[in-house]
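Numbering follows numbering that gives the first Met the number 0, in which position 343 of the sequence shown is assigned residue number 342; successive positions increment by one, without gaps.
A virtual CB, placed ideally from N, CA and C, is assigned to each residue, including glycine.
Just so it is clear, the structure is predicted and the values come from calculations on it, not from any experiment.
Below is one structure, written out as structure tokens, with a few remarks after it.
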Amino acid sequence: MMASLRGRRWCAAVLVLAAGCATNPVTGRRQISLVSQAQEVQLGQQSAVQVTQEIGLVPDSALQRYVQNIGGTLAAASERPALPWTFRVVDDPTPNAFALPGGYIFLTRGMLALMNSEAELASVLGHEIGHVTAKHQVTMMSRAQLAQIGLGLGSILVPRLQNLGGLASGGLQLLFLSYSRDAERQADDLGFRYAVGQRYDAREMARVFQSLQRVSETERARSGRSPLPSYLASHPGEPERIASVQRRAATVPAGTATRVETAAYLNRLNGMVYGENPRQGYFQQGVFLHPDLRFSIVFPTGWRTQNLPQAVTGASPRQDAVIQLTLAEQVRNADDAARRFFQQQGVQAGQGGRTTVNGFPAVVVYFQAQTQQGIIAGIAQWLEKDGQVYQVLAYSPGQAFRQYEGTFRQTLNSFTSVTDPAVLNIRPNRIRAVRVPQAMTLAQFNTRYPSTIPIEELAIINQVAGAGTTLPAGAMVKQVVRE
Ligand SMILES: [Zn+2]
0 MMASLRGRRW
10 CAAVLVLAAG
20 CATNPVTGRR
30 QISLVSQAQE
40 VQLGQQSAVQ
50 VTQEIGLVPD
60 SALQRYVQNI
70 GGTLAAASER
80 PALPWTFRVV
90 DDPTPNAFAL
100 PGGYIFLTRG
110 MLALMNSEAE
120 LASVLGHEIG
130 HVTAKHQVTM
140 MSRAQLAQIG
150 LGLGSILVPR
160 LQNLGGLASG
170 GLQLLFLSYS
180 RDAERQADDL
190 GFRYAVGQRY
200 DAREMARVFQ
210 SLQRVSETER
220 ARSGRSPLPS
230 YLASHPGEPE
240 RIASVQRRAA
250 TVPAGTATRV
260 ETAAYLNRLN
270 GMVYGENPRQ
280 GYFQQGVFLH
290 PDLRFSIVFP
300 TGWRTQNLPQ
310 AVTGASPRQD
320 AVIQLTLAEQ
330 VRNADDAARR
340 FFQQQGVQAG
350 QGGRTTVNGF
360 PAVVVYFQAQ
370 TQQGIIAGIA
380 QWLEKDGQVY
390 QVLAYSPGQA
400 FRQYEGTFRQ
410 TLNSFTSVTD
420 PAVLNIRPNR
430 IRAVRVPQAM
440 TLAQFNTRYP
450 STIPIEELAI
460 INQVAGAGTT
470 LPAGAMVKQV
480 VRE
């Protein structure tokens with residue numbers, strides 16, 4: 000949850016589509032396309048605004064310029080140089096990269112943290128550029144249209160109970176459909192070509208695949224599921240892709256593509272936030288704490304919780320109840336927020352009204368709503384604190400409501416101020432680029448330049464095998480510090 004939340008939900012553009020046939024710029028083949036280039040750019044731009052609002056950009060203009068420059072140079076030499084190519088780093092710790100139609104490309108700071116050179120960055124950006132130049136999204140959109148998968152989205156009130164949170168909400172879902180394996184291979188091919196075109200050593204892409212694989216394995220061992228949302232999940236297996244990189248590299252004349260640029264890259268990363276940023280709120284044993292907004296709220300024991308940029312959510316173990324906290328935007332007070340809420344079609348107010356919660360002025364009202372998933376019942380609470388209105392919705396399918404009512408009330412009543420300096424002053428981890436003065440193992444490095452993360456994780460982000468691996472004198476190495 001960011002301090003400045005924008006509640007505006009994206010209304011998916013209902014594209015008025017004219018069927019036509021267009022030439023694919025990469026293959027030169029004619030293919031059925033229902034989306035014109037102007038429509039493609041328009042949809043991409045609207046989605047890019049939405050992504051920027053929902054996830055937020057990393058607030059470092061020098062870093063943003065750096066990524067834009069590298070991506071822009073690659074794209075200018077591609078088959079579609081005239082698109083409004085835009086490259087941005089979003090404030091998300093999960094490694095990911097994605098391309099929206101029209102040339103809007105995003106990568107997360109989690110992805111940047113995994114990589115160690117400009118050549119790796121160029122390979123990843125090149126891959127995403129490839130999805131756009133080969134019109135993979137456009138093809139999918141056309142297919143989706145043909146299959147009458149609408150762009151329309153569900154109610155603004157209720158996220159699907161089984162699919163809480165994550166980026167792939169509402170209209171954006173369409174943009175995160177998995178690409179086919181063939182499309183991924185083609186994007187890999189194009190990305191390799193674009194990177195080599197700028198004389199980057201595109202063999203470095205293999206390191207990215209290896210790092211993603213290690214993150215995935217580590218996370219799967221820890222939590223049983225992969226943390227990588229779309230970048231990896233939809234791609235061909237890593238060993239196959241690494242082999243392909245090596246096969247392509249063999250065709251590049253020796254000495255023609257040798258740029259790696261490790262120091263330039265790592266110096267850019269210096270000071271970047273690493274991992275979750277606790278300033279944006281964090282969970283501690285079921286308690287959500289927000290240092291900047293100075294509040295806490297207790298979620299029920301055993302619930303699956305998520306801290307998303309625009310909402311904090313919890314789902315019951317059986318996935319049949321949800322508690323969702325958001326900031327109500329552009330409202331004067333709690334009454335105003337409540338009035339807006341009940342103006343939504345199909346939402347009915349039950350008992351409730353003005354009250355106070357832990358000293359804060361509030362409006363608490365029972366409600367029922369007709370949704371695509373049936374009748375839901377819940378309690379809505381709007382609470383005024385420091386000039387903001389916090390909305391907490393707790394709801395379940397109508398028939399399950401009575402069983403959750405007590406649990407809901409406990410969470411709603413737990414909203415309170417935070418005064419603990421340990422919480423208010425908490426700082427995020429940051430990457431520091433260190434030049435190793437003499438050869439030493441990673442373990443020795445970690446003793447001399449201590450990091451706040453486990454050494455196994457430090458090994459992964461530095462792309463070395465483990466604690467015993469020797470770092471050569473003069474090597475640039477990432478340290479993670481809380482300063
Ligand atoms: Zn891809």
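Setting aside the 5 residues that flank it on each side, residue 200 is surrounded in the same chain by 118, 256, 257, 258 and 259, each with a C-beta closer than 7 Å to its C-beta; the list follows chain order. Contact check between the stretch 458-472 and the stretch 433-448: three or more CB pairs, one atom from each, fall below 8 Å, which counts as touching. For residue 58, same chain residues with a beta-carbon under 8 Å away, outside a window of 5 residues either side, are 90 in chain order. Residue nearest to residue 69 within the set 92, 134, 190 and 38 is 190 (criterion: CA-CA distance). With a cut-off of 8 Å, the C-beta of residue 182 is classified as near ligand 1, since at least one heavy atom of the ligand falls inside that distance. Segment contact: the stretch 439-449 against the stretch 312-325, fewer than three CB-CB distances shorter than 8 Å; contact not assigned. In terms of Cα proximity to residue 375, the closest of 357, 399, 204 and 388 is 399.
Ranked by Cα distance from residue 379, the first of 212, 346 and 272 is 346.
Secondary structure note for residue 365: its beta strand (DSSP E) is the uninterrupted segment 359-370. The straight-line gap separating the alpha-carbon atoms of residue 454 and residue 443 is approximately 11 Å.
Residue range 85-89 is occupied by the beta strand (DSSP E) that includes residue 88.
The way I'd put it, the stretch 410-427 does touch the stretch 275-283; three or more beta-carbon pairs between them come closer than 8 Å. Annotated as distal: residue 66 and residue 113, with beta-carbon spacing of 9 Å or more. DSSP, reduced to helix, strand and coil, places residue 238 within a helical segment of the structure shown. Contact check for residue 362 and residue 337: beta-carbon distance about 5 Å, within the 8 Å limit, so the pair qualifies. By the CB criterion at 9 Å, residue 82 and residue 109 fall outside the cutoff. According to the DSSP assignment, residue 395 belongs to the beta strand (DSSP E) that extends over 387-396.
Set against 8 Å, the gap from the CB of residue 289 to the closest heavy atom of ligand 1 is not smaller.
Taking C-alpha positions only, residue 356 is separated from residue 369 by approximately 28 Å. Nearest in C-alpha terms to residue 383, of all of 366, 458, 412 and 332, is 332. Counting along the chain, the unbroken alpha helix (DSSP H) around residue 422 starts and ends at 420-423.
Of the residues 64, 50 and 98, the one whose Cα lies closest to the Cα of residue 267 is 64.
In this structure, DSSP gives residue 198 a state outside helix and strand, which the three-state scheme calls coil. With a beta-carbon spacing of about 16 Å, residue 413 and residue 320 fall beyond the 8 Å limit used to define contacts.
Between ligand 1 and the CB of residue 127, the shortest heavy atom gap is smaller than 8 Å. Apart from the 5 residues on each side of it in sequence, residue 460 sits with its Cβ closer than 7 Å to the Cβ of 112, 113 and 477 in its chain, given in chain order.
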